[in-house]
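I have placed the structure first, in the form of structure tokens, so that the comments after it can refer back to it.
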Amino acid sequence: MAHRFSNFAAAYAELDLHIATYRDMIDDAFGYASNAKDYADDGNWKQGIKFNSYAIGATLSAFDIIFQLYNYTLDWSMFGECLYWASQEGGDGAIDMTAILDAMWKAEPHQCLLFIPMIDAMRGSIQNKTVTSQYMADALKHFMQ
């Protein structure tokens, strides 16, 4: 199986960049929506509709990024690559918690949720599991209860 990255740090750096882009797009969407409301309140419907369409576009772009993170095939997914390299760097398929904890320490609070499946995977090698969308959903449900 071909891999896009050669280690956990490289995979996480790309994942972090996409998350930052997602947050920027959501911020843009809120800004556009606020502008649309202001124009509509002032009776300038043409500008209000224009900025409302910008808000919708930014929101759709943000959701496209989330789709990219989780729905590409496993070997090309940044999230999947983070899981793969986290398991490999410990040797024999064991999760290297040092690499995960170091990355978590540097992460923003909202990014720490991305590590939940990785920490759950330390209980057993993810190399021995089929990492599917159902597996990821079950891992997240376990920690969200």
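Using this note's numbering, read the sequence shown as starting at 3 and increasing by one per residue. Even for Gly, the Cβ is constructed at its ideal location relative to N, Cα and C.
At which residues does the alpha helix (DSSP H) containing GLU16 begin and terminate? To locate residue 16, count along the sequence shown from 1; it is residue 14. 10 to 43 is the extent of the alpha helix (DSSP H) around GLU16.
Verify whether the separation of the beta carbon atoms of THR157 and ALA31 is less than 9 angstroms. As shown, the chain starts at 3 and ends at 147. That puts residue 157 outside it, with no answer to give.
Could you tell me the distance, in whole angstroms, from the CA atom of ARG25 to the CA atom of ALA64? Sequence index remark: in the sequence shown, residue 25 carries index 23 (1-based). Sequence index remark: in the sequence shown, residue 64 carries index 62 (1-based). Roughly 8 angstroms between the two C-alpha positions.
In the structure shown, what three-state DSSP assignment does PHE7 receive? In the sequence shown, counting from the first residue as 1, residue 7 sits at position 5. In the structure shown, PHE7 sits in coil (DSSP, three-state: anything other than H, G, I, E or B).
Identify which residue in ASP18, THR23, GLY50, TYR34 has its Cα closest to the Cα of LYS108. Reading the sequence shown from its first residue, position 106 is the one you call residue 108. Nearest option by C-alpha distance: ASP18.
Do HIS5 and TYR56 have their C-beta atoms closer together than 9 angstroms? The residue you call residue 5 lines up with position 3 of the sequence shown. The residue you call residue 56 lines up with position 54 of the sequence shown. Cβ distance not < 9 angstroms, so HIS5 and TYR56 don't count as in contact.
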